[in-house]
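Step one of this worksheet: look at the structure below.
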Amino acid sequence: MTAKLHSKFRLTVTTLTPLHIGTGNTLLRDFDYVTHDGKTWVINEDALADLLADDEDNLTKMAAGRPASELLKSEDFHADSPLFCYVLPGEPRSPNPGSVLQEQIKDPWDRPYIPGSSLKGALRTALFYAGYGGRNLQFRVAPSNDRINVKYVAQPLERDVFANNVSPGKAPNHDLLRALQIGDSIPDEQRRLRIVNVTVSKNSQPSGSPIELEAIPSDISFEMSLALDGYLLSNQIRREVGYVDDQIGWIQGLPQIVNSWTQDRLNIESQTNRSSNWTNAFEQIKPIVDRFVADRTSREFIVQLGWGGGWDSKTLGKRLTDNKTEFSKLVNDSRYKMLRKGKFVVGDVYPKTRRAIVTRKMQPISLLGWVWVRMETMA
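Residue 62 in numbering that gives the first Met the number 0 sits at position 63 of the sequence shown, and the numbers go up by one each step.
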């Protein structure tokens with residue numbers, strides 16, 4: 000695909016595996032949600048307080064922090080009950096009071112959606128990966144006497160790729176991604192969510208207790224919009240802000256850039272996890288990506304969003320690990336906080352942990368966050 004420099008696209012984003020984009024909030028069992036009849040009921044605290052307005056004893060219990068589950072009756076559990084914000088099929092694995100369920104992002108009417116920032120962040124990483132490789136940039140570990148803030152350690156490289164190494168103060172105004180605008184998706188009116196148990200695995204074996212999440216199921220489609228700012232990309236303005244030809248090429252060939260990055264990630268992961276029980280997830284996704292990469296005119300791409308993608312979904316990944324000597328120095332340098340304990344040896348897999356959805360018997364069955372994006376030009 001070669002996009003015009005002023006284009007608007009309708010994006011159809013379809014989940015291939017469950018997707019969790021969190022709010023940072025946690026729901027506590029018996030306080031924020033209860034289970035009943037094989038379902039999970041998320042409590043509407045305001046409605047419950049209104050219902051109990053004339054019940055002084057129960058209001059006192061609620062104010063004292065007693066579990067909301069103690070205030071509900073069996074007849075409260077029905078489809079149209081105002082006491083619940085929404086109802087999820089299934090129940091979290093842990094029956095313990097206060098056990099945590101990670102909340103999925105939703106609009107004020109509890110309809111799940113995909114934030115434009117989540118997709119744009121993933122596309123930025125793909126473009127960073129392409130630009131870093133295309134410009135033959137190299138990361139170097141800072142001299143041992145330099146102080147490091149790990150939050151900003153990639154900024155000089157990002158300026159090299161997106162802002163052509165202008166001064167840090169000017170970089171936001173010259174950043175290439177100003178020309179790429181993505182809106183939030185239309186919310187899912189059907190409020191389709193499910194509960195998934197996720198575990199951190201090490202060497203393909205579950206490690207630690209499962210993490211319980213709300214997630215958008217597979218095979219749910221959302222509509223989003225993407226626009227290329229023709230003003231910023233016009234010949235005169237792009238010269239003023241410093242955009243150059245290779246950067247314009249990345250934007251115009253966005254689907255191919257993303258698919259090449261995804262293909263590299265899947266090639267590495269399928270080799271690393273060849274003996275694992277969730278290789279099937281890779282085997283389902285990889286042929287689609289390979290087909291898109293082969294078709295240079297495709298307006299479709301596959302990318303991983305949200306929580307659970309792991310280190311290489313948010314970083315340069317293979318671009319760093321390919322330089323084995325420098326990467327070993329990077330991981331073993333405590334200033335970068337990339338290793339909790341032990342020592343990294345050239346040839347080791349990094350990171351050693353992965354996140355996967357598991358059954359109640361802790362068998363990995365799927366990955367998180369893979370979506371299929373189709374781009375259609377809007378009039």
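From the three backbone atoms N, C-alpha and C, an ideal C-beta is built for every residue, glycine too. In this text, all values refer to a predicted model and were calculated from it rather than measured experimentally.
Q: Measuring alpha carbon to alpha carbon, tell me which of 196, 135, 265 and 168 ends up nearest residue 385.
A: The requested residue 385 is not part of the displayed model; the chain covers only 0 to 378.
Q. Does the pairing of the region 352–361 with the region 283–300 give three or more beta-carbon distances under 8 Å?
A. No, the region 352–361 is not in contact with the region 283–300.
Q. Is it buried or exposed for residue 243, if we count other Cβ within 10 angstroms and need 16 for buried?
A. exposed
(Q) If contact is defined by three or more beta carbon pairs under 8 Å, each pair taking one atom from either stretch, is the region 297–311 in contact with the region 104–124? (A) They touch, by the three-pair rule.
Q) Does DSSP put residue 200 in a helix, a strand or coil? A) When DSSP states are grouped into helix, strand and coil, residue 200 belongs to the strand group.
**Q.** Cutoff 7 Å; reference residue 332; Cβ partners in own chain excluding five residues on either side
**A.** 140
Q.
With a threshold of 6 Å on Cβ separation, who are the neighbours of residue 345 within its own chain once the five nearest residues in sequence on each side are excluded?
A. 323 and 327
Q) The alpha helix (DSSP H) with residue 323 in it runs from where to where? A) Bounds of the alpha helix (DSSP H) holding residue 323 are 323–331.
Q) DSSP state of residue 274, grouped into three classes? A) Residue confidence is low: residue 274 scores 49 on pLDDT, short of 50, so the model does not pin down where it sits. Its coordinate-derived value is still stated next. Of the three classes helix, strand and coil, the one that applies to residue 274 here is coil, per DSSP.
Q) Leaving out five residues before and five after residue 371 in sequence, what residues of the same chain have Cβ atoms less than 6 Å from its Cβ? A) 13, 15 and 301
Q) Could you give the C-beta distance for residue 250 and residue 179, rounded to a whole number, given that I count them as a contact under 8 Å? A) 7 Å
Q. For residue 217, which option in 229, 183, 174 and 284 has the closest C-alpha, if you only look at C-alpha atoms?
A. 284
Q) With 16 other CB atoms within 10 Å as the buried threshold, where does residue 375 fall? A) Flag for residue 375 reads exposed.
**Q.** Alpha-carbon to alpha-carbon, residue 317 and residue 264
**A.** 8 Å
Q. Name the DSSP beta bridge partners of residue 226, please?
A. 7 and 180
Q: With residue 173 as the anchor, note down where its alpha helix (DSSP H) starts and where it stops.
A: 170–173
Q) Ends of the alpha helix (DSSP H) at residue 236? A) 234–240
Q) Where does residue 151 land, buried or exposed, given buried means 16+ other C-beta within 10 angstroms? A) exposed
Q. Which term fits residue 19, buried or exposed, when burial requires 16 or more other beta carbons within 10 angstroms of its beta carbon?
A. buried
Q: Quickly, what does DSSP pair residue 193 with across the bridge? List them, please.
A: 214
Q) Apart from the five residues just before and just after residue 82, which ones in its own chain have a Cβ nearer than 6 Å to its Cβ? A) 43, 46, 47 and 75
(Q) Taking the beta carbon of residue 336 as the centre, do at least 16 other beta carbons fall within 10 Å, making it buried, or is it exposed? (A) Exposed, because fewer than 16 other Cβ atoms sit within 10 Å of the Cβ of residue 336.
Q: Look up residue 340 in the DSSP assignment and say whether it is helix, strand or coil.
A: coil
Q) Roughly how far, in whole angstroms, is the beta-carbon of residue 66 from the beta-carbon of residue 36, given that I think they are within contact range, below 8 Å? A) Not really, about 19 Å apart at Cβ, beyond 8 Å.
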